[in-house]
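Worksheet: the structure to be examined is printed underneath.
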Amino acid sequence: MRCPILLADMNAFFASVHQAMDPVLRGKPVIVGGDPAKRHGIVLAASYDAKACGVKTGMAVWEARSLCPRGVFVKPKHGCYVNFSARIIRIMRDFSPLVEPFSIDEAFMDVSGCESLFGTSTEIALQLKGRIKREVGVLCSVGVAPNKLLAKMAAGMQKPDGLTVLDFPDLPDKVWPLPVRELFGVGGRLEKRLRDLNIHTIGELAVYPLPVLKKRFGLMGHILSLSANGIDYSPVDPHSLDKVKSIGHQITLPRDYRGYQQIKVVVLELCEIVCRRVRLGGLVGRTVNLTLKDTEFLWMSRSRTMAYPSNNAGDVYRVAVDLLHQHWPAWKPVRMVGVSLAGLVKNTVEQVDLFGEVEKTRLLNAACDRIKDRFGERSLLRAISLTPEGVLLERKGEAVRG
Amino acid sequence: MKFACDKESLLNAVQIVQRAVSLKNPLPILGGIKFEAEDERVFLSATDLEMGIRCSFPAQVTQTGSSILPAKVISELIRRLPDLPIYIESDPLTGSTMVKYGQSEANINGYPVEEFPDFPMPESEIKFILPGDVLREMVRQVVYAAATDENRPVFTGVLLETGNGEMNMVATDTHRLAWRKINLEKYQDLNINLIIPGKTLNELIKICGSAEQNIEITVTDNQVLFNNGEVCLISRLIGGQFPNYRQVIPGEYISRIRVSTKELAEATERAALLTRDGSPIIRLKISDNTLVVSVNTEAGRVREEIAVYQEGEPLQFAFNARYLGDALKTIGSEDVNIEFTGPLSPGILRPVADIDYLSLLLPVRLRDE
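Chains as they are written, first to last, in the numbering used here: chain P, 1 to 402; chain L, 1001 to 1369.
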């Protein structure tokens, strides 16, 4: 089979889920967005009817409302999206065991060797689309290609409800004329650096001398050149999600915080949330990342690796505060704070220490975890959450998810 | 400043003081070495404000004075000079220093002399003298256990305490501990307790060495000075209270082995090859006069058997290979005694027939995946 890789990409996924659950919404411009009162007023998804009015993902809710006054605004229901996503993955696994969930609304599938069961990959793609539509009630675009990279590009070519086969002979006509930013893995910053080399289209990148790309971008340059030529060696990995790389949490503050004293309160609360989740996964992490956004939406993200892996909020907090002091001026107001822990590994090894401190923290964390397991995430908070800057106490049901 | 000297002694002095030069300091002048010419001696000094080194060598001084030269340039230049008499002459007006060798010369622009931080020698009544080789060996056996991360400053230092005619040096990063005792009979009444930065002591090892050279140690409230007559090393002290280490050293054991230091060190190194970078954990199992060192990871398996002399119960536990390797490197005897009190209690390494040194190692707790 020449094109055994499929990518199924759900169209306007969040909006489609609401339409599937509530028939009244079908055929209406549905806009899924946050609550502007809590400064979460951003459009997360819009149905195709809403998109026709010019509503775009990431736009402010008030802006969407002025563009699309007839729009039906619904609040996001994360649990439902996860549930729908799992149902779609299950359907895909009926065709092949090699299914790699890529995001909440996309998944790769390798159907090599399935032809005698279900037919060619194009036939499988049609069956898959039909079943997702009938059984789940959402539409998807499927890309069929020799590898993951081209499947991803193919799926993006026809929306909604598309089915695109993209093979190597199609590259010069269908892929090379596209701007480089359409190439998987090329973001805004890289696009700009490529433009400096007078590379504007994927085709120009494909024929660009490899030594120059390697010198400029290192290993990334080599991968870029291969990608532009439609070459991608990565396998469909059904276990890619089993290994968590990082766990993080971020919060848009109810008002701008000023000064380390105020910001530190939220940082500590976030460290607690993140470390609790890391412990739930039976993991420890080494790299602490702190992300801050100011009122102009400029953001700063810095990380540092600790000498030893940890899942204790106190350790992570110490590093996060260090990063805060080092990289954020005290006067600058903060709008959003995020903390994450990366370099996660299974917590199978724990260095015992001379003074019994590790053991003490371990027991304390285990006790807190047991209380939270039984009485809920909010049953136990640090005293600092009671101060006016604390966000965990006020925003019930928002800050801690799953 | 104007003097003549030979290349050897100049290069030696430059390389010694260079250890205190800090190139990364925001204060650029700290990247410089101060040259001072006085009656028939030239003094070189450098500091990073935490630690300072001052060193001198004999020279033909024809004009006293001083200048401050960028350490990087001057050391690289002197290292490359031919083996000829060297004349150094500085011009206080331009701040430039001329280095003359044979028919050639180099002119190096220096820093303004008055901007170099003061370098006062600590003065105090509290002084004692140790042979260079004794101090060096003592420091070497202990300093490796000091912490490198600055979270808790006390643990980045080495405790030096004296009393009752003894001197103890202890370092710990909470995962391991090293302790060394020596007799200090000449100083029965000397009672001091200080924490010296591990960084400084690592430099001290490189400076002191020979048995003939005595090192005078001077202690003030916040500084310590090591002086061997030619080189002075001054360091600030770390404030705070060193934890009570005596309390955490177990007095008894349930199991003890005697094993060849070299064999165990080599087995440890081989086994560690297959472990994850961040946590090089190896398993040890003692039974029937055999020590089994093993590793089983995604990368593969290693199993090594070493014949040991065993006393007490069979036991198994896991260690960080790096810590075990460090401890074995400094043990300094052909065979090592290792005592255990339980799978999650410290293991104690002692050189055979030396009761004044021990290296303590905390195991790791393993959870089944």
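Where is the CB? At the ideal position from N, CA and C, for every residue including glycine.
### Alpha-carbon spacing of Y48(P) relative to R131(P), whole angstroms
21 Å
### Query
Around the C-beta of Q1188(L), are 16 or more other C-beta atoms found within 10 angstroms, so that it is buried, or is it exposed?
exposed
### Query
For V349(P), which residues in chain B fall below 7 Å Cβ to Cβ?
Protein chains in the displayed structure are P and L, and chain B is not among them.
### Query
For chain L, is any of its Cβ atoms less than 8 Å away from the one on P309(P)?
yes
### Message
Give me the chain P residues within the contact set of V1248(L), using Cβ-Cβ distance strictly less than 7 Å, ordered along the chain.
### Response
L354 and F355
### Listed by chain order, chain P residues near N1320(L) by CB distance under 7 Å
Q351
### Task
Could you tell me which chain P residues have their CB closer than 7 Å to the CB of T1200(L), listed as they occur along the chain?
Ordered by position in chain P, no residue passes the 7 Å Cβ test against T1200(L), which lies about 21 Å from the chain.
### Task
Please check if any C-beta of chain P sits within less than 8 Å of the C-beta of D1356(L).
no
### Task
Rounded to whole angstroms, what's the CA-CA distance from R401(P) to G1312(L)? Just pull it up for me.
Here R401(P) scores only 40 on pLDDT, less than 50, and its place in the model should not be relied on; the value that follows carries that caveat. So the alpha carbons of these two residues sit roughly 52 Å apart.
#### Entry: Residue burial classification, S301(P) (beta-carbon count within 10 angstroms, cutoff 16)
exposed
#### Entry: Cβ of R181(P) within 8 Å of any chain L Cβ
no
### Query
Who are L1361(L)'s beta bridge partners in DSSP?
R1176(L) and G1347(L)
### Message
So with CB distances below 9 Å, who are the chain L contacts of R318(P)?
### Response
N1151
### Message
Under 9 Å, CB to CB, which of the residues in the segment 271-298 of chain P have a partner in chain L?
### Response
G282 and R286
### Message
Once the 5 residues before and after I1373(L) are set aside, which same chain residues still bring their CB inside 8 Å of it?
### Response
Beyond the ends of chain L as shown, which are 1001 and 1369, falls residue 1373(L); an answer cannot be given.
### Message
Assuming L30(P) and A50(P) are in contact, meaning their beta carbons sit under 8 Å apart, how far apart are those beta carbons, in whole angstroms?
### Response
Note that residue 30(P) is Val in the sequence shown here, rather than Leu. That pair is a contact at about 6 Å.
### Task
Taking all protein chains shown into account, decide if Q19(P) is buried (16 or more other Cβ within 10 angstroms of its Cβ) or exposed.
buried
### Cutoff 6 Å; reference A313(P); Cβ partners in own chain excluding five residues on either side
C271, E272 and C275
### Straight-line gap, L205(P) to P169(P) (C-alpha atoms, nearest Å)
17 Å
### Task
Could you pull out every residue in the same chain whose Cβ sits closer than 7 Å to the Cβ of S141(P), ignoring the five residues on either side in sequence?
D9, N11, A155, Q158, K159, P160, D161 and G162
### Query
Is the CB of P1457(L) under 8 Å away from at least one CB in chain P?
Absent from the model: residue 1457(L). The displayed extent of chain L is 1001 to 1369, so no value can be given.
### Message
Using the three-state DSSP reduction, which class does I88(P) fall into: helix, strand or coil?
### Response
helix
### Message
Using beta carbons (cut-off 8 Å, strictly below), is L1344(L) in contact with chain P?
### Response
yes
### Message
If we require 4 or more residues per run, which alpha helix (DSSP H) segments fall completely within the segment 246-297 of chain P?
### Response
260-280
### Task
Indicate whether the contact test is met: 3 or more Cβ pairs, each with one atom in the segment 280-293 of chain P and one in the segment 345-354 of chain P, closer than 8 Å.
yes
### Message
Measuring CB atoms only, is the segment 226-246 of chain P touching the segment 199-216 of chain P, in the sense that at least three cross pairs come out at less than 8 Å?
### Response
yes
### Beta carbon proximity, P1243(L) to chain P, threshold 8 Å
yes
#### Entry: Whole beta strand (DSSP E) elements within the segment 7-93 of chain P, 3-residue minimum
30-33, 43-46 and 72-74
### Task
Only counting runs of 3 or more residues, tell me where the beta strand (DSSP E) segments fall wholly within the segment 307-390 of chain P, in order along the chain.
334-342 and 349-351
### Status (buried if at least 16 other CB within 10 Å, exposed otherwise) for H78(P)
exposed
### Task
Scan the segment 1173-1186 of chain L for residues whose Cβ lies nearer than 7 Å to a Cβ of chain P and list them as they occur along the chain.
T1174, H1175 and L1177
### Nearest-angstrom Cα separation, counted from L1273(L) out to K245(P)
24 Å
### Message
Less than 7 Å separating the Cβ of D1118(L) from some heavy atom of the ligand COA?
### Response
Among the ligands in the structure shown, none appear at all, so the ligand COA cannot be discussed.
### Query
How do the segment 1222-1242 of chain L and the segment 1273-1291 of chain L stand: do at least 3 beta-carbon pairs fall below 8 Å, yes or no?
no
### Query
Quick one, are the C-beta atoms of T252(P) and R335(P) less than 8 Å apart?
yes
### Task
Mind checking who P179(P) pairs with in its DSSP beta bridge?
T201(P)
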